[in-house]
Ligand SMILES: [Zn+2]
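Numbering (this note's numbering), first residue to last: 22 to 333.
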């Protein structure tokens, strides 16, 4: 995603491992190890840049995994985009007959340029995108596996959007192109009700990551933010999901907000060192070594707990 602008309203704190959990809400199952393995599989394809062999292979692997986990439908939305190649959005539905549904999404492409790398010689090289891309998808694939094991009462759509991260600073429309395309061609209508809300996961695997409320989400979908951050506190994740407002980030949730779907972005944007993104952001260090399964696990159990607490 594009750089945050604006700072965080209060200093970030580092999540405490083993923090005690109040017991008001039963925490739903989620395997951090599976999520980590999902990140590793994506990275092993190589950079998932438009037009690459890794991109094509990863797309079919993602669709296969969603089917294997018991999705009721899996649909690929393809379009040719200038300066990218074939864009492929992948959407799975679970319990599609349910009237009440939510949408969970992450981008699955990776940035073609390490243009924030400390060494300028690396700026034209593609990144692994272990955190920026693969982490959110890794969590959502494990969420999909859990949904196959225990069917939710509500409907859940899992959407992997493409072409998020080939953007140029200063050109807002050059980011989140897969999400833009999805929002302009929404599959919802009489047969498939529009989701009540959407949650975007982006950069959810960083070491010591903390998640403040992203500013566009807070301004446009505050009730959803409050539901998520309140639940995090209830299950003992209050120091990971800090109840502060962070920066405003141009990301895949914005096209959904413009299309009228309340959408929030769970994104590491209050790193204790940088005050914004993880230091690996758009560098060659965004690799598997810098992914923390504890972070993946905390985000994942919050999402599964949220899903299973939702009623028709
Ligand atoms: Zn990015």
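Don't be surprised by glycine CBs; every beta carbon is placed ideally from N, CA and C.
- Contiguous alpha helix (DSSP H) elements confined to the stretch 41-71 occur at 53-65, taking only those with 4 or more residues.
- Boundaries of the beta strand (DSSP E) around residue 107: 106-115.
- Closest in C-alpha terms to residue 114, from the list 179, 97, 317, comes 179.
- Listed in chain order, the alpha helix (DSSP H) runs fully inside the stretch 222-246 are 236-241, counting runs of at least 4 residues.
- In its chain, beyond the 5 residues on either side, 209 have a beta carbon closer than 6 Å to the beta carbon of residue 215.
- Distances taken from the Cβ of residue 101 to the heavy atoms of ligand 1 include none shorter than 8 Å.
- Rounded to the nearest whole angstrom, the C-alpha separation of residue 301 and residue 161 is 22 Å.
- Secondary structure note for residue 262: it is in no alpha helix (DSSP H), with a DSSP letter that is neither H nor E.
- Counting along the chain, residue 178 sits inside no alpha helix (DSSP H); it lies in the beta strand (DSSP E) bounded by residues 176-182.
- In terms of CA proximity to residue 328, 123 leads the group 59, 230, 123.
- In this structure, the CA atom of residue 231 is about 15 Å from the CA atom of residue 153.
- Residue range 94-102 is occupied by the beta strand (DSSP E) that includes residue 98.
- C-alpha of residue 222 to C-alpha of residue 286: approximately 6 Å in a straight line.
- Of all C-beta pairs linking the stretch 69-83 to the stretch 127-135, three or more are shorter than 8 Å, placing the two stretches in contact.
- Taken in chain order, the complete alpha helix (DSSP H) segments of 4 residues or longer contained in the stretch 265-307 are 274-279.
- The beta-carbon separation of residue 229 and residue 293, rounded to 7 Å, stays under the 8 Å limit for a contact.
- Judged by DSSP secondary structure, residue 122 falls outside any alpha helix (DSSP H) and instead within the beta strand (DSSP E) spanning 122-128.
- Relative to ligand 1, residue 69 has its C-beta separated by 8 Å or more from all heavy atoms.
- Per DSSP, reduced to three states, the secondary structure at residue 209 is coil, with no helix or strand assignment.
- Here residue 310 is exposed. Its C-beta has fewer than 16 other C-beta atoms within 10 Å.
- Inclusion of residue 97 and residue 109 in the CB contact set at 9 Å is warranted, their separation being smaller than that value.
- Residue 176 places its beta carbon 9 Å or farther from that of residue 234.
- The continuous alpha helix (DSSP H) containing residue 314 extends over residues 314-330.
- Ligand 1 never approaches residue 129 closely enough for any of its heavy atoms to be under 8 Å from the residue's Cβ.
- Residue pairing for residue 218: DSSP places it in a beta bridge opposite 123.
- When DSSP states are grouped into helix, strand and coil, residue 186 belongs to the coil group.
- Contact between residue 267 and residue 291 is confirmed by a C-beta separation of about 5 Å, below the 8 Å threshold.
- Checking the DSSP bridge columns, you'll see residue 192 partnered with 189.
- In this structure residue 316 does not touch residue 257 by the C-beta definition: roughly 15 Å separates them, more than the 8 Å allowed.
- Around the beta carbon of residue 137, 16 or more other beta carbons lie within 10 angstroms, which makes this residue buried.
- At least one heavy atom of ligand 1 lies closer than 8 Å to the C-beta of residue 302.
- Remark: the shortest separation between the CB of residue 257 and any heavy atom of ligand 1 does not fall under 8 Å.
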